[in-house]
Amino acid sequence: MGVGELLTSATREWMLPVLKRLYVRVRAHLLQRKNPPLGPEEAPQRALACLGGCIMDAHAFENIGGSVFIAAFHGTANDATSTGVSVLRKVGNTFRAMFQKNCGFSRCLPSLCVTDLDADGLREVSWEVLDIGTGAAAHLLCVYMTSTGEYYEIAESRNHQAPAEPVAWKVKITPEPTAAARSTIERLALSRGFLQETRIDPNDAAYAVPLWHSDNGTRKSGIIKLRYYPGRLRDGSSGTALLETEHMIWIAKFKGALYGYDRRKDYHFVAYSPAWSYDWVDCLAGNEALWFCDRNRSGLFRFELLHDNDSNAILSYYNCYCSEPLPRISKLVVGRGVLIVNDDITIDPAQLSEDKRFPH
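Per this note's numbering, the very first residue in the sequence shown carries number 35; after that it's consecutive.
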């Protein structure tokens, strides 16, 4: 065999896969420009005949090879837990369900979409599910791949009850995708607003609470590092306690942190943030030193700025008085050298016992 024949053979082996991929991409492109196999009125009618209930959205599409599908978002008008997504495939002159997924008690968003991100002529069907509770939220991207019949969920979740946890959404992909599917799933997720970058700007007051926990952990006593932000607190959430003194304004937020605002220097800061959002501060008293209590823990906190170091403060937690456990405190007043709690208990601060255990 001559050199020319060897080059021709090598070129053929290299070119054939390239030409095949190019051929598939051209066919896929032409398929995308082709009108859907069923019109916008017929697709939901055919889906309704096969699925019953209520069809809220339906898309008919054709894959390479001529297979015709309908992706349908469906449910029952009087049952909020019956929404779901089905993918139907044409068999003869009718359709049968190839895939069905019920959203259960989660909210299935009207976000049904048919794409071909990898340009192989075999479509992906995707939709979103939202699950929001009082303390946590989860946002799911559901993907059904008609090429393989595989189903994936990309779940982004966040626990709003634990401010000490990372601020980025936790990402879980179920099941773990194959190497061939991973890039397609990630591109699809990015195109729909998932898997986005999260950064914490140390100068942005919106991240004041996670930065407090980054600096101080979940401690309730010891030296506290403070970060200052210009101006007053811009937080429209409801407050649970407010104390104004000559130079300071202290405000505790519902399911949030305790903030201080310095009138003279016109800046605010996080003084204390509980590790669990339900331990919010609900009573305040004091002047130079701030005394406060949270709604779930018995005992007293004391917060004092260190004037020789503006970046630090001292936080103390007292759980005993004269060797006896302190009660749950719902009202607090600072008198002349004493503390008056719950209207009828007078406490000498010198007799308080500090709990220095760490972490919380």
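C-beta: ideal position from N, C-alpha, C; glycine also. Just so you know, these numbers come straight off a predicted model, no measurement behind them.
- Straight through space, the alpha carbons of Val119 and Tyr312 are spaced by roughly 37 angstroms.
- DSSP, read as helix, strand or coil, puts Pro264 in strand.
- Under the DSSP assignment, Thr110 falls in the beta strand (DSSP E) whose first and last residues are 102 to 110.
- Separation of Ala172 and Ala384 (C-alpha to C-alpha, rounded to the nearest whole angstrom) is 48 angstroms.
- Here Val205 is exposed, its C-beta having fewer than 16 other C-beta atoms within 10 Å.
- DSSP places Trp246 within a helical segment (H, G or I) once states are collapsed to three.
- The straight-line gap separating the alpha-carbon atoms of Glu190 and Thr218 is approximately 18 angstroms.
- Under the three-pair Cβ rule at 8 angstroms, the stretch 252 to 261 counts as touching the stretch 344 to 358.
- As a beta-bridge residue in DSSP terms, Trp161 pairs with Cys176.
- When secondary structure is reduced to three states using DSSP, Ile234 falls in the coil class, being assigned neither helix nor strand.
- Excluding sequence positions up to five before and after Glu278, its CB lies within less than 8 angstroms of the CB of Trp284, all in the same chain and listed in chain order.
- Its chain contains Ala92, Ala94, Ile104 as the residues whose beta carbon lies nearer than 6 angstroms to that of Ala77, once the 5 sequence neighbours on both sides are disregarded; these appear in chain order.
- When C-alpha distances from Ser357 are compared across Glu231, Ser248, Thr110, Asp389, the shortest belongs to Asp389.
- Between the alpha carbons of His247 and Pro197 lies a gap of roughly 8 angstroms.
- For the stretch 293 to 369, the full-length beta strand (DSSP E) segments reaching 3 residues or more read 301 to 306, 315 to 320, 324 to 328, 334 to 339, 346 to 355, 366 to 368 along the chain.
- In the structure shown, the three-state DSSP call for Cys84 is helix.
- Contact between the stretch 207 to 224 and the stretch 173 to 188 is present: three or more C-beta pairs spanning the two stretches fall below 8 angstroms.
- Ranking Val121, Asn136, Cys137 by CA distance to the CA of Arg130 puts Val121 first.
- As computed with DSSP, Ala275 is found in a beta bridge with Ala286.
- For the set Val102, Leu85, Gly86, Ile98, the Cα lying nearest the Cα of Gly73 is the one of Val102.
- Thr208 carries a strand assignment under DSSP once its states are collapsed to helix, strand and coil.
- Per DSSP, reduced to three states, the secondary structure at Ala196 is coil, with no helix or strand assignment.
- Going by DSSP, Ile379 is part of the beta strand (DSSP E) stretching over 379 to 381.
- Within the same chain, Cβ atoms closer than 7 angstroms to the Cβ of Pro359 are found at Ser332, Asn353, the five residues on either side in sequence being excluded.
- Inter-segment contact for the stretch 295 to 306 and the stretch 262 to 269 is present: three or more beta-carbon pairs are separated by less than 8 angstroms.
- The shortest C-alpha to C-alpha distance from Val375 to any of Ser387, Cys327, Leu339, Ser145 is the one to Cys327.
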